[in-house]
Ligand SMILES: C[S@@+](CC[C@H](N)C(=O)[O-])C[C@H]1O[C@@H](n2cnc3c(N)ncnc32)[C@H](O)[C@@H]1O
C-alpha cells in the first residue's frame, strides 16, 4: 500500500472546542491507533464514508475528523472522503453548517465532502451499508424521550429517584441503546469477515510468533493461518450477519 509522507498536524486551533481540550485531547493517541486499525480494513478504491452522530456544532468532532483525514491521506491522496454529520432536528444546524464551511476552508482538501443530516440517532439516518467508520461522543446518555422526574432536574445513576422513575429510565435507556446499535449495524458496510478479523488479530499473532521465529517466518505463518480461515469460512452464509464491530463499541 502506498504511504504518503504527510506531516501529522497537531494544531487544531481553528476547529477546536474547550471540550476537546479537556476531555478528548488526552486520548488522541489511542484514537489514532483505533482509527488506523479500521483503516487497515478499507481498500480506498472507492470513497470512504465517515459519519458522526450527535455532532452538535461540530467543534468537537472536527479535530478528530482532521486526524482521520490526515491518516486517510497517508494511504490515498485522492480517494473521496464523504462525511455525514448528524444531530437531532432541534439542533442549531445553521451554526453547524457555518462551522463546516470554516473547517473545509482550513482543511483545503479537493476530495472532501461534508454534509449534515438531521434525525434521531436512535433510528435509521443513512442508507443501508454506507458507513465505513462511525463516531459518536457524549450522546448515548440522552434518552429518546423525556422522563419527568418529581424531585430532580436530571438523572445520575445512584441518585435517589422513585422506583417507578428508575425503572422507566433504565427500560428506555436499554431500548435506545438497542435501537442505536440496530440502526448502525444496518448502516455500516458489511466487511469481509476474515479481513476485519485480520486487522484485529494480526498484531498479537505476530507478537506471539516472533518470540520464537523471525519476522518473515511469522508473517508466512500468519498468511497461511488467514488463508486457511478464509477457506473454512467460504461456505458459510455471511450475507445475513449483522456486524456490530463499530467504533462506538470499541471505545
Ligand atoms: C453533549 S453534546 C455532544 C456533542 C459532541 N458530540 C461532543 O462530543 O461534544 C450531545 C449532542 O447530542 C445530540 N443528541 C441528543 N439526542 C440525540 C439523538 N437522539 N440523535 C442525535 N443527536 C442527539 C444533542 O442535540 C447534542 O448536540
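Numbering (the numbering used here), first residue to last: 341 to 591. Glycine included, each C-beta is placed from N, C-alpha and C at the ideal position.
With a cut-off of 8 Å, the C-beta of residue 479 is classified as near ligand 1, since at least one heavy atom of the ligand falls inside that distance. Distance from the C-beta of residue 551 to the nearest heavy atom of ligand 1 is not below 8 Å.
Cβ-Cβ separation between residue 457 and residue 529: approximately 17 Å, too far for a contact (criterion under 8 Å). Residue pairing of residue 427 in beta bridges, as defined by DSSP: 458. Counting only runs that start and end inside the segment 373 to 461, the alpha helix (DSSP H) elements of at least 4 residues fall at 401 to 415 and 433 to 447. With a cutoff of 9 Å on beta-carbon distance, residue 473 and residue 379 are scored as near each other. Judged by their CB atoms, residue 409 and residue 384 are not nearer to each other than the 9 Å cut-off. Annotation for residue 434 indicates a beta carbon at 8 Å or more from all heavy atoms of ligand 1. Relative to ligand 1, the nearest heavy atom lies less than 8 Å away from the CB of residue 462.
By the 16-neighbour rule on beta-carbons within 10 angstroms, residue 486 is exposed. For residue 534 and residue 377, the gap between their C-alpha atoms comes out near 14 Å.
For residue 511, there is no enclosing beta strand (DSSP E); the enclosing alpha helix (DSSP H) covers residues 503 to 527. As computed with DSSP, residue 471 is found in a beta bridge with 528. DSSP places residue 487 in no alpha helix (DSSP H); its state is neither H nor E. In the displayed model, residue 476 falls within a strand according to three-state DSSP. A distance below 7 Å between beta-carbons, with the five flanking residues on each side excluded, links residue 464 to the following residues of its chain, in chain order: 523, 526 and 527. Taking C-beta separations shorter than 6 Å and ignoring five residues to either side along the sequence, the partners of residue 505 in its chain run 489, following chain order.
Ligand 1 never approaches residue 365 closely enough for any of its heavy atoms to be under 8 Å from the residue's Cβ.
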